[in-house]
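Quick notes on the structure that follows.
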Amino acid sequence: GGLLGGSVLLLGLTTGCFLLMLSTILKQKKLSEVKNDFINNMTHELKTPLATVSAAVEAMQHFGALNDPQKAQTYLSISRNELQRLSDLVEKVLNIAVEERQTLTINPEPVRPAELVSELVTRHQLKATKPVHFTVDIAPSDSVHLDPLHVGNVINNLIDNAIKYSREQVSIAIRGHHDDNGGWRLTVQDDGIGIPKNYQDAIFDRFFRVPTGNLHPIKGFGLGLYYVRQVVERHGGRIAVRSEPNRGSEFSLWLPN
Ligand code: ADP
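Each residue of the sequence shown is one higher than the last, beginning at 232 in the UniProt record's numbering.
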């Protein structure tokens with residue numbers, strides 16, 4: 232029995248080792264593929280706005296568009312939109328770079344989340360490219376200990392996503408309240424395209440995007456929710472999602488307080 236038991240154990244160990252190696256290789260392959268996608272995406276996202284703004288500036292300087300106020304106005308607003316996109320992108324990448332170097336330091340201070348959220352909502356209403364209907368339910372007197380800069384970025388990312396991953400229009404409900412466990416909970420709920428069950432854990436991983444076939448119709452880098460999770464965890468909090476495809480998603484963030 233001893234010999235057989237030993238062989239079985241050995242076989243088991245070898246198989247286990249092999250499976251572990253295989254899964255490591257598979258994971259690495261996936262990560263390198265994902266990185267390739269990221270670089271392709273990034274190259275496109277950086278070059279397109281730069282080319283557009285260059286063309287608009289050239290048209291105004293050399294092709295007389297400056298003398299045609301209506302044309303000039305069009306070129307200027309195109310340039311402005313593209314520059315806004317570029318600066319959003321640069322901000323996201325910088326946030327990740329900061330996180331990568333472990334220098335994401337959280338400086339909590341007492342903040343009124345109602346004010347923070349209302350500012351962000353106004354900003355989104357100004358730049359929205361489709362009808363967005365916001366409902367906000369946060370007591371104006373609520374005060375929470377958090378890093379306003381990073382948690383502001385977090386809520387911003389969640390609103391951005393709610394708008395991006397929806398159809399022609401979207402309703403977004405943002406609710407915040409203290410709970411009985413000495414914490415504060417914020418939910419951002421949308422009625423957008425939703426997330427299939429099997430991807431709901433992965434969306435918080437770096438570079439992960441829900442696959443949609445060959446070309447992703449909605450641009451992004453899979454970094455936003457990774458940053459969200461880092462910020463929430465550095466606060467000692469938690470982030471979770473509940474979602475149903477074609478119905479919508481609800482991101483729920485909990486911070487100890
Ligand atoms: P990005 O939007 O740049 O791809 P994120 O890390 O913010 O990166 O999101 C990761 C993925 O999670 C997205 O690509 C998308 O597939 C999915 N996702 C995030 N938020 C939502 C949402 N509100 N509704 C549906 N899908 C979402």
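The C-beta atom is built at its ideal place from N, Cα and C for all residues, glycine as well.
Nothing here was measured: the structure is a model prediction, and the numbers come from that model.
Taking residue i as the reference, give the member of the options with the closest Cα.
i    : options                : result
H355 : V401, L325, V324       : V401
I270 : L335, V324, T418       : V324
F365 : E340, A393, D373       : A393
R311 : D436, A370, P280       : P280
G407 : T274, N429, S374, I434 : S374
K428 : H409, V472, K361       : V472
N477 : G423, D299, E346       : G423
L277 : I434, F435, K361, Q315 : Q315
N384 : Y306, I434, L351, R465 : L351
D368 : R398, L347, H376       : L347
T353 : V342, G467, I386, R465 : I386
V363 : T443, E289, Y396       : Y396
E481 : P448, R416, S372       : R416
N488 : H409, V462, L357       : H409
G413 : G467, Q301, A303       : G467
K450 : T305, L320, S349, Q304 : L320
I believe residue i touches residue j by the beta-carbon criterion, under 8 Å. Please report the beta-carbon distance rounded to the nearest angstrom.
i    : j    : result
N326 : D378 : Not really, about 13 Å apart at Cβ, beyond 8 Å.
D421 : I403 : 5 Å
E313 : V284 : 5 Å
N388 : G479 : Not a contact, Cβ separation roughly 17 Å.
A282 : I309 : Actually they do not touch by this definition, with Cβ atoms about 12 Å apart.
R460 : W485 : Not really, about 12 Å apart at Cβ, beyond 8 Å.
P452 : N267 : A small correction: the amino acid at residue 452 is Phe; Pro does not occupy that position in the sequence shown. Not quite, the Cβ-Cβ distance comes to about 13 Å (not below 8 Å), so this is no contact.
S474 : I426 : 4 Å
I405 : V419 : 5 Å
Y457 : D436 : 6 Å
Can you determine whether any heavy atom of ligand 2 sits closer than 7 Å to the C-beta of residue i, and answer yes or no?
i    : result
I403 : For ligand 2, the structure offers nothing, since it holds only ligand 1.
Give the secondary structure of residue i by DSSP, where H, G and I count as helix, E and B as strand, and everything else as coil.
i    : result
I470 : strand
L335 : coil
G232 : Reliability fails at G232, whose pLDDT of 49 lies under 50, so the model's placement of it is uncertain and the value that follows must be treated cautiously. Coil.
T366 : strand
P280 : helix
P487 : strand
S374 : coil
P341 : strand
F482 : strand
Looking at the C-beta of residue i, does it have a partner C-beta in chain E at a distance below 8 Å?
i    : result
K358 : In the displayed structure, chain E is absent; only one protein chain is listed.
Every unbroken beta strand (DSSP E) inside the region 394–457 [3 residues or more]: 401–409, 414–421
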